[in-house]
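Number of protein chains: 4
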Amino acid sequence: MPREVREREMLDAAVATFGQRGYRAASMDEIAELAGVSKPLVYLYLNSKEELFTACIRREADALLAAVRAGVVEPGLAPDEQLWSGLTAFFAHTAENPDAWSVLHRQARTHGEPFAAEVTRMREELVSFVTGLLRDAARATPASPDLADLGDRDVVGIAQALVGAAEALAGWANETPDVSAKEAASTLMNFAWTGLGNLMDGERWPK
Amino acid sequence: MPREVREREMLDAAVATFGQRGYRAASMDEIAELAGVSKPLVYLYLNSKEELFTACIRREADALLAAVRAGVVEPGLAPDEQLWSGLTAFFAHTAENPDAWSVLHRQARTHGEPFAAEVTRMREELVSFVTGLLRDAARATPASPDLADLGDRDVVGIAQALVGAAEALAGWANETPDVSAKEAASTLMNFAWTGLGNLMDGERWPK
Amino acid sequence: MPREVREREMLDAAVATFGQRGYRAASMDEIAELAGVSKPLVYLYLNSKEELFTACIRREADALLAAVRAGVVEPGLAPDEQLWSGLTAFFAHTAENPDAWSVLHRQARTHGEPFAAEVTRMREELVSFVTGLLRDAARATPASPDLADLGDRDVVGIAQALVGAAEALAGWANETPDVSAKEAASTLMNFAWTGLGNLMDGERWPK
Amino acid sequence: MPREVREREMLDAAVATFGQRGYRAASMDEIAELAGVSKPLVYLYLNSKEELFTACIRREADALLAAVRAGVVEPGLAPDEQLWSGLTAFFAHTAENPDAWSVLHRQARTHGEPFAAEVTRMREELVSFVTGLLRDAARATPASPDLADLGDRDVVGIAQALVGAAEALAGWANETPDVSAKEAASTLMNFAWTGLGNLMDGERWPK
DNA sequence: GATGAATGAGGGTTCATTCAT
DNA sequence: AATGAATGAACCCTCATTCAT
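Protein chains in written order, with full-length UniProt numbering: chain X, 1 to 207; chain E, 1 to 207; chain G, 1 to 207; chain B, 1 to 207.
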């Protein structure tokens, strides 16, 4: 069997095992067995547990970023609709790849460097993606005094909050039966776009 | 030395060690040494690593809940101001107890049952606390058609999103220099109460 | 059983195993079994294979040096008789501790730093011990133009040769039946003190 | 590429690797890579690690013996000058082939049978070569009562000591900067031919 | 003549846990 | 109330060796 194929199978097995057991609790034995190969082959191809885990993180981070970007490509949409598209793609992807999501959201950030750095990279790309959306939206609103008086730090903070809310909802949606990606995205838009204050007054998203 | 005191010292040492190393990487040896006692004594008082970790989680979850509740007790406040108080207390507590926060937010949820259950319990109490606030607020807004048409699931989802956003901001605030609890709370209120849509239009919290 | 005793037993087992198998081929399992303890206890007391081996080398090097020095203490002897005493003690010690001798002469010098350094230290002490003897002898021979025109390097070289010859004879004596320490020492004195050129002419040591 | 050439390249690589790493630490992977061939080819030609190492030892032992014999062929020389020639050749060869010398002197004798036997064979040939020289020399000294009263065992012991001294000096010369083969040989002749007792009295070799 | 793919076996190290005192 | 001594089990990693092509 060609190396490339085997290597992908190993990564699949590793993501599943790491996602379910955690980095430390996952054993190379279990990963090898799940991949249907012997342990030495895993080492031959991926060198060490650390490199294997890093390779998992990188692959899944790239896949998630790609999924979100792909979900938002339709041009000419209003900013809130773009955001909604991205969120829907995000929730759909995490729901379809729960082990990968566990690796990224839980395991990788819990086991120190050099793993956290990989996820921080992804998170920063998501955050900058969101801040881009927000700034675009602000520019497109003529009456707006822009987001200028919020300051860069506030904007980043808000994006962090949005990503964190999305991540929490992803976990909740995965554990709650029958919550579709669209429903999760709508819930989040209600919360994040409309704002609690206006929800109180009966407003809803989409208006 | 009385048992109760020793036990608290052990839990302190355990929270610090688990928080910094993670559940698996923390060794009973290290915890015992940090607590200044011999390993068999740890076992005598706390039975096993699993029970020790569970005790840590439970103690810190209760402490965090208590801190948030204590931050909100002033009666007669407007709902948004109550929310702001609770968030401020939350951010202050997590900033002052980073190891405890690491145990609750990262470690406990990363290492499967029975630990995740403890955190889920805490999270659900936070969520129900927040939903209570929201429902109270809605009742206090006469013009509101209440939150009724949102459905229970939406309300819970929104609360989950709020808690998730708060958790993400807590992490970000801990890693970013000089972000005070009040600043984090204000950022979150801007995001969560005002809503992104209205931020675009120049609105800010507090109005 | 008290720690000190156990530790000595472990070192005994380790010297035997390292001496017979070599550093790499000796397994911690075998050493532990020969010492009658479990492997973790070996690690608890001696930390690692490397430290264990180093401890063996150090202990045996010190023991050998002490044996040689003890063999030479009689004051007032002529230099050649002092040398003969030291050599006899050396051959007796190596014959009685063949595993220790293997560790020092073969294993330690074959497995790079930091082991070789320990043996180099011992060898240098032996060499400086021998050069001391030689210089004393030269001073005590009034007619001698001293060893001055030999230069320091020649003296060290000669001492190295003597130690090397002794080491080779030790190996040969251990493998050849019924070669006593005294016989080996006498053979070496014939070679080293009398010199081949004079042996040819029928001279012998002692004259 | 013809088999013979490939095989020599493999042995070269193996001698270098074994000499530097030691028998156990050298891996077939590293040897194959250094030889520029795939691992199965090494097995095809040399069957196993053990046989490969044995082949290395045999080749280098023969080369060293040949070098010493070649250094001594000039007929009609005095016995001490013949000995000096042989030693010079020995020191020159070991200095030019440090990896080979490491294999013979250190590695081969440190890793038990069947390797030690190969070196013992070589050593015995050296010893019998030297005893031949000595006996020839004794016969050529009319006044000498021959070496008869030394007994065979003494002669062999003396030859062992000489070879051991030469080996020790070879190691010392390799580690000490700027010690030429001739200098090492002269130092050894001073020691071995003249004898320490006469060095004390100011004698030197050559007289 | 030559190799990419693959593995059984074994070694160093760590750790949660217990027993006798 | 407290500990020094000890271990079974498991984990990461390496390596000599083979097979199909």
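C-beta: ideal position from N, C-alpha, C; glycine also. Everything numeric in this text was worked out from a predicted model, so none of it was measured.
Identify whether Ala26(B) lies in helix, strand or coil by the three-state DSSP scheme. DSSP, read as helix, strand or coil, puts Ala26(B) in coil.
Could you give the first and the last residue of the continuous alpha helix (DSSP H) run that contains Phe90(B)? Under the DSSP assignment, Phe90(B) falls in the alpha helix (DSSP H) whose first and last residues are Pro79 to Glu96.
State buried or exposed for Ala13(X), treating a residue as buried only when at least 16 other CB atoms are found within 10 Å of its CB. Ala13(X) comes out buried.
According to DSSP, is His111(X) part of a helix, a strand, or is it coil? DSSP places His111(X) in the coil class of the three-state scheme, outside both helix and strand.
Do the CB positions of Arg109(G) and Val119(G) come within less than 8 Å of each other? With a cutoff of 8 Å on beta-carbon distance, Arg109(G) and Val119(G) are scored as near each other.
How about Ala16(B) and Asp99(B): do their beta carbons lie closer than 8 Å? Ala16(B) is a Cβ neighbour of Asp99(B), given a cutoff of 8 Å.
How should Gly167(X) be labelled, buried or exposed, when 16 other C-beta atoms within 10 angstroms of its C-beta is the threshold for buried? Reading the sequence as shown, one finds Glu at residue 167(X) and not Gly. Buried, since its Cβ has 16 or more Cβ neighbours within 10 Å.
Nearest to Glu183(E) (by Cα), restricted to the options Tyr43(E), Gly157(E) and Phe90(E): Restricting attention to Tyr43(E), Gly157(E) and Phe90(E), the CA atom closest to the CA of Glu183(E) is found in Phe90(E).
8 Å contact criterion, which Val103(X) and Phe18(X) should meet: CB distance rounded: Right, the Cβ-Cβ distance comes to about 5 Å (below 8 Å), so this counts as a contact.
Kindly indicate if chain G contains any beta-carbon less than 8 Å away from that of His111(B). Chain G contact via Cβ: present.
Whole-angstrom Cβ separation of Trp172(E) and Gly195(X), contact assumed at under 8 Å? Their Cβ separation, rounded to whole angstroms, is 20 Å, which puts Trp172(E) and Gly195(X) out of contact at 8 Å.
Here's the rule: buried if 16 or more other CB atoms are within 10 angstroms of the residue's CB, otherwise exposed. What is Ala117(B)? Around the C-beta of Ala117(B), fewer than 16 other C-beta atoms lie within 10 Å, and the residue is accordingly described as exposed.
Quick one: is Gln82(B) near chain G, going by C-beta distance under 8 Å? It does not; no Cβ of chain G falls within 8 Å.
So with CB distances below 9 Å, who are the chain B contacts of Thr131(G)? Chain B residues near Thr131(G): none, gap ~12 Å exceeds 9 Å.
With a threshold of 7 Å on Cβ separation, who are the neighbours of Leu34(E) within its own chain once the five nearest residues in sequence on each side are excluded? For Leu34(E), where only same-chain residues beyond five positions count, the Cβ hits under 7 Å are Ala13, Ala16 and Thr17.
Give the residues of chain X in contact with Ile158(E), contact being defined as C-beta atoms less than 7 Å apart. Within chain X, the residues placing a beta-carbon under 7 Å from that of Ile158(E) are Thr187, Asn190 and Phe191, ordered along the chain.
So, for Gly76(G): in the same chain, excluding its five sequence neighbours on each side, which residues have a beta-carbon less than 7 Å away from its beta-carbon? Within the same chain, no residue comes within 7 Å of Gly76(G) by CB-CB distance, once the 5 residues on both sides are set aside.
Against Leu169(G), what residues of chain B qualify as contacts under a CB-to-CB distance less than 8 Å, listed in chain order? What Leu169(G) touches in chain B: Gly157, Gln160, Ala161 and Gly164.
Helix, strand or coil for residue 277(B)? Go by DSSP, reduced to three states. A query on residue 277(B) cannot be resolved here, the shown segment of chain B reaching from 1 to 207 and no further.
Residue interval of the alpha helix (DSSP H) (run including Gly36(E)): From DSSP, Gly36(E) is part of no alpha helix (DSSP H); its letter is neither H nor E.
Note down, in chain order, every chain B residue with its Cβ under 8 Å from the Cβ of Asp154(G). Near Asp154(G) (Cβ distances below 8 Å), the residues of chain B are Thr187 and Asn190.
With respect to the alpha helix (DSSP H) encompassing Met189(X), which residues constitute its N-terminal and C-terminal limits? Judged by DSSP secondary structure, Met189(X) falls within the alpha helix (DSSP H) whose first and last residues are Ala181 to Met189.
Going along chain X in order, which residues have a C-beta closer than 9 Å to the C-beta of Ala25(E)? Result: Arg24, His111 and Gly112.
When the Cβ atoms of the region 24-44 of chain X are set against those of the region 125-132 of chain X, are three or more pairs found closer than 8 Å? Not touching, per the Cβ criterion.
Secondary structure of Gly71(B), DSSP reduced to three states: It is coil, neither helix nor strand.
So Gly71(B) contacts chain G; which residues on that side make the cut at Cβ distance below 9 Å? Simply none; closest approach about 18 Å.
Could you check whether the Cβ of Arg135(X) sits closer than 8 Å to any Cβ belonging to chain E? It does not: the Cβ of Arg135(X) has no partner Cβ on chain E nearer than 8 Å.
In chain X, which residues lie less than 7 Å from Trp172(E) when you measure between Cβ atoms? Chain-order list of chain X residues neighbouring Trp172(E): Gly157 and Gln160, by C-beta distance under 7 Å.
Gln20(E): CB within 7 Å of a non-hydrogen atom of the ligand ZN: The ligand content of the structure shown is nil, which means the ligand ZN is not present either.
Select from Asp136(X), Glu30(X), Glu50(X) and Ala63(X) the residue whose C-alpha is nearest the C-alpha of Phe123(X). Looking at the sequence provided, one finds Arg at residue 123(X) rather than Phe. Ranked by Cα distance from Arg123(X), the options Asp136(X), Glu30(X), Glu50(X) and Ala63(X) are led by Ala63(X).
For Ala165(G) and Arg6(G), what's the separation of their Cα atoms in angstroms? When rounded, the distance between both Cα atoms is 37 Å.
CA-CA distance, Lys207(E) and Met189(E)? Because the pLDDT of Lys207(E) is 45, which lies under 50, any placement of that residue in the model is unreliable, and the number read from its coordinates should be weighed accordingly. Cα-Cα distance, rounded: 11 Å.
8 Å Cβ cut-off: residues of chain E touching Thr94(X): Neighbours of Thr94(X) on chain E: none; closest Cβ ~13 Å, over 8 Å.
Any idea if Val179(E) is buried or exposed, counting beta-carbon neighbours within 10 angstroms, 16 or more meaning buried? Counting Cβ neighbours within 10 Å, Val179(E) comes out buried, since at least 16 surround it.
For Trp84(E), which residues in the same chain have their Cβ closer than 7 Å to its Cβ, ignoring the five residues on either side in sequence? Apart from the 5 residues on each side of it in sequence, Trp84(E) sits with its Cβ closer than 7 Å to the Cβ of Ala185 and Met189 in its chain, given in chain order.
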